[in-house]
Amino acid sequence: MSKTLLLKTYLKQLRLPTILKNYEALAREAAETNQTFEEFLCCLVEQEVIQREDNNLKRRLKYARFPTTKTLETFDFTAIPSLKKNKVLQLSRGGFIEETENIILIGNAGTGKTHLATALAMNACRQGHKVRFYNVAGLVNELILAQSEHQLLRFEKQWLGYDLIVLDELGYIPFSTLGAQLLFQFCSSRYERGSIIITTNLEFAEWTQVFGEEKLTAALLDRLTHKSHILEMNGDSYRFKQSLNRQKEE
Ligand code: ADP
Ligand code: MG
Numbered sequence: 017m018s019k020t021l022l023l024k025t026y027l028k029q030l031r032l033p034t035i036l037k038n039y040e041a042l043a044r045e046a047a048e049t050n051q052t053f054e055e056f057l058c059c060l061v062e063q064e065v066i067q068r069e070d071n072n073l074k075r076r077l078k079y080a081r082f083p084t085t086k087t088l089e090t091f092d093f094t095a096i097p098s099l100k101k102n103k104v105l106q107l108s109r110g111g112f113i114e115e116t117e118n119i120i121l122i123g124n125a126g127t128g129k130t131h132l133a134t135a136l137a138m139n140a141c142r143q144g145h146k147v148r149f150y151n152v153a154g155l156v157n158e159l160i161l162a163q164s165e166h167q168l169l170r171f172e173k174q175w176l177g178y179d180l181i182v183l184d185e186l187g188y189i190p191f192s193t194l195g196a197q198l199l200f201q202f203c204s205s206r207y208e209r210g211s212i213i214i215t216t217n218l219e220f221a222e223w224t225q226v227f228g229e230e231k232l233t234a235a236l237l238d239r240l241t242h243k244s245h246i247l248e249m250n251g252d253s254y255r256f257k258q259s260l261n262r263q264k265e266e
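The sequence shown begins at 17 in this note's numbering and counts up by one.
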């Protein structure tokens, strides 16, 4: 077997597709620029590592199922003065995930809660964390379905595998008794084992309205708020302000 063929076979066997793709061009370049063998090897391996990290990030972002792409860079902090930018930037470094702390974003509609939750969770993906984004109503439906199919244990194993879970839009739709219990179980099982980011339009005193039962709500709040960062995001709706501005320009 020729050396070229042998090398290609080895690279396939070792699953090094980026080296396989690039080595010929890089070898030419190395010869032209008088690189040492070590420099050439380092450059080759580096490309494989970068490509692999990139693929892993893409996979994590895909599995997280974010409804939209949002970043902190595109978030206008001046629009919501009650929110401390430094606090958000500190959270974006991801220390809260290592500490299994939660973040609760509370505020009226259109104040950027989903935007911030998504941006923080996308950063977590970049930091190598396993993340999953859920709309709360969607999650409750999944939980009810899993329970009816006796798949709750399997589902639980899956959700405990995530470092960070986003529960978006708590409060818009009240739950059935079963739904509330299952969501309680979901959040309780993650207690001190994994982080949650919750976005909600409800003050804590109003949570009983969606969970129905007072004792259950109190127990849930106790666990969720124990190690949590609470970000108040009350203000004017950003969407509404933007449409007003557009109208003024017309
Ligand atoms: P909420 O979840 O609080 O209802 P969203 O996060 O869905 O609000 O925000 C509504 C829209 O306005 C989104 O497109 C979001 O990107 C944008 N938005 C909200 N607040 C800001 C902000 N402070 N800076 C930039 N965009 C914002
Ligand atoms: Mg939202």
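From the three backbone atoms N, C-alpha and C, an ideal C-beta is built for every residue, glycine too.
Do residue j and residue i count as a contact pair if the criterion is CB distance below 7 Å?
| i | j | result |
| --- | --- | --- |
| Thr226 | Pro190 | The sequence as given places Val at residue 226; Thr does not occur at that position. Their beta carbons are under 7 Å apart, which means Val226 touches Pro190 by this criterion. |
| Thr85 | Glu208 | no |
| Tyr178 | Arg148 | yes |
| Ser253 | Ala125 | yes |
| Leu198 | Leu159 | yes |
| Gly111 | Gln143 | no |
| Asn250 | Gly123 | yes |
| Ser211 | Ile120 | no |
| Leu88 | Ser108 | yes |
| Phe56 | Ala41 | no |
| Phe200 | Leu236 | yes |
| Ile35 | Leu27 | yes |
Taking buried to mean at least 16 other C-beta atoms within 10 Å of its own C-beta, is residue i buried or exposed?
| i | result |
| --- | --- |
| Thr215 | buried |
| His242 | exposed |
| Lys129 | buried |
| Leu105 | exposed |
| Val182 | buried |
| Phe202 | buried |
| Glu64 | buried |
| Cys141 | buried |
| Arg255 | exposed |
| Ala196 | buried |
Is any heavy atom of ligand 2 found at a distance shorter than 6 Å from the C-beta of residue i?
| i | result |
| --- | --- |
| Thr94 | no |
| Lys28 | no |
| Lys129 | yes |
Can you tell me where the alpha helix (DSSP H) holding residue i begins and where it ends?
| i | result |
| --- | --- |
| Leu169 | 168-176 |
| Asp70 | 53-80 |
| Gln197 | 193-206 |
| Phe91 | Element bounds for Phe91: n/a, residue is neither H nor E. |
| Ser259 | 254-265 |
| Met138 | 129-142 |
Just list the residues that DSSP pairs residue i with in beta bridges.
| i | result |
| --- | --- |
| Asp184 | Asn151 |
| Ser244 | Asn118 |
| Ser211 | Leu180 |
| Thr216 | Ile122, Leu186 |
Any chance the CB of residue i is under 6 Å from a heavy atom of ligand 1?
| i | result |
| --- | --- |
| Tyr254 | yes |
| Ala135 | no |
| Gly187 | no |
Does the Cβ of residue i lie closer than 6 Å to at least one heavy atom of ligand 4?
| i | result |
| --- | --- |
| Phe91 | With respect to ligand 4, the structure shown offers nothing to examine, as its ligands consist of ligand 1 and ligand 2. |
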